[in-house]
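Q: Structure in structure tokens, see below.
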Amino acid sequence: MSTVLQQLFNALALGGVYALVALGLTLVYGVMRVPNFAHGGLYMLGAYLTYAALTSLKVGFLPALLLSALGVALLAALMERVIFHPLRNAPHVHPMIAAIGVLFFLEALISHPRVFGPDFKQIAEPLPGIVNLGGVTLTWQRLLIIAASVLVMLGLNYFLKRTLTGATIEAMSQNREGARLVGINTNRVGMLTFAISGALAAVAASLIAPINAVTPSMGEVMNLKVFAIIILGGMGSVPGAIVGAFLLAFTEVFGGFYISLDFADVIGFAMLVVVLALRPQGLFRKGT
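Heads up: the sequence shown begins at 364 in the numbering used here, then just goes up one per residue.
Set out below in structure tokens:
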């Protein structure tokens, strides 16, 4: 039982990271109708900015995380203005190709020897050590991931449901043209949505970086997983992104534990295929 509980906490930590990244992607799709394939690149960049803040600026982990979130948020807002806004009336394939181009550009930039180089980087755990909870041995870092991801998700829910700015995002996700006609600044909402998306990706990357190695290609793997998650949960659905994230994480962790770690990703995507075969529209309907 203690082993099962330990895997449960591992799945909760992984699901929290998946949920934060997927929430940013699903917000952008819900509001802008843009499948942002550059999202994985923002996730990767968030991890490297945290590493840079820790090693170059010599700040603590929390300030490094906040600086990373701010930096990626600003870059994401700039991407919306410079790349996606001019393509808003173009065929859907154009912003998709542009997003893929941004992903490859960010990977090439980070991999350049004069930037960070192709070798992996390691971030030390801000809370090293382990804790024993009723016979279950866990690292403090995983508990930090669980607590931080829940806190961020609750904060995002409050922002979307209880603030005027959040209400404009929800209104625009339901009817962009109607939101514009009632006086909502759709350009500002679009930039804000991209900024929130980038910040969520950076926070997720910063939280998981002390456990996993930081590499230029880490965004490609996360891209595949979060797109699987939002398809599984329902394109544009915030509750669906959260449920899909934890469902994928539980499938990977327990499938890898009981079957084989080498097939953890395969088992997760097999679950996706089965669910979509039974429910092609996803688990939830679109809506924030």
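Every residue gets a Cβ at the ideal spot worked out from N, C-alpha and C, and that includes glycine.
From a predicted model like this one, the values you see are computed outputs, not experimental measurements.
#1: Using the three-state DSSP reduction, which class does threonine 366 fall into: helix, strand or coil?
#2: Are there any heavy atoms of the ligand FMN lying less than 7 angstroms away from the beta-carbon of arginine 396, as far as the coordinates show?
#3: Any contact between the segment 416-426 and the segment 441-461? By contact I mean 3 or more CB pairs, one from each, below 8 angstroms.
#4: What residue from Leu646, Tyr414, Gly619, Pro579 has the CA that sits closest to proline 476's CA?
#5: Along the alpha helix (DSSP H) that carries valine 445, what are the first and last residues, could you check?
#6: For leucine 408, which option in Leu587, His448, Phe424, Val577 has the closest C-alpha, if you only look at C-alpha atoms?
#7: Could you give the uninterrupted runs of the beta strand (DSSP E) lying entirely in the segment 462-539, keeping only those of 3 residues or more?
#8: Using a Cβ distance threshold of 8 angstroms, determine whether the segment 501-513 contacts the segment 562-572, with at least three qualifying pairs required.
#9: Which runs of the alpha helix (DSSP H) fall wholly inside the segment 382-451 and span at least 4 residues, in chain order?
#10: Check valine 357 in the structure and name its three-state DSSP category.
#11: Alpha helix (DSSP H) containing glycine 597: first to last residue?
#12: If you follow the alpha helix (DSSP H) that alanine 568 is in, where does it begin and where does it stop?
#13: Between the alpha carbons of serine 474 and leucine 371, how many angstroms are there, rounded?
#14: Which of the three DSSP states, helix, strand or coil, is assigned to valine 577?
#15: Are the CB atoms of alanine 374 and valine 637 nearer to each other than 8 angstroms?
#16: Could you tell me the alpha carbon to alpha carbon distance between isoleucine 559 and tyrosine 521, rounded to whole angstroms?
A: Looking at the coordinates:
#1: Here threonine 366 sits in helix by DSSP.
#2: The ligand FMN is absent from the structure shown, which contains no ligand whatsoever.
#3: Flag = no, the segment 416-426 and the segment 441-461 do not touch.
#4: If we check each option's Cα against that of proline 476, Pro579 comes out closest.
#5: Note, valine 445: premise wrong, no alpha helix (DSSP H); not H, not E.
#6: It is Val577 whose Cα lies nearest to the Cα of leucine 408.
#7: For the segment 462-539, the full-length beta strand (DSSP E) segments reaching 3 residues or more read 493-496, 499-502 along the chain.
#8: Yes, the segment 501-513 touches the segment 562-572.
#9: With a minimum length of 4 residues, the continuous alpha helix (DSSP H) runs that stay inside the segment 382-451 are 402-418, 424-442.
#10: In the structure displayed, the chain extends from 364 to 651; residue 357 sits before or after that span and is not available.
#11: Counted as a single uninterrupted DSSP element, the stretch harbouring glycine 597 is not any alpha helix (DSSP H), since DSSP gives it neither H nor E.
#12: Segment 549-571, the alpha helix (DSSP H) holding alanine 568.
#13: Linking serine 474 to leucine 371 through their CA atoms gives a straight-line distance of about 35 angstroms.
#14: When secondary structure is reduced to three states using DSSP, valine 577 falls in the strand class.
#15: No, Cβ-Cβ distance for alanine 374 and valine 637 is not below 8 angstroms.
#16: When only Cα atoms are considered, isoleucine 559 and tyrosine 521 end up about 14 angstroms apart.
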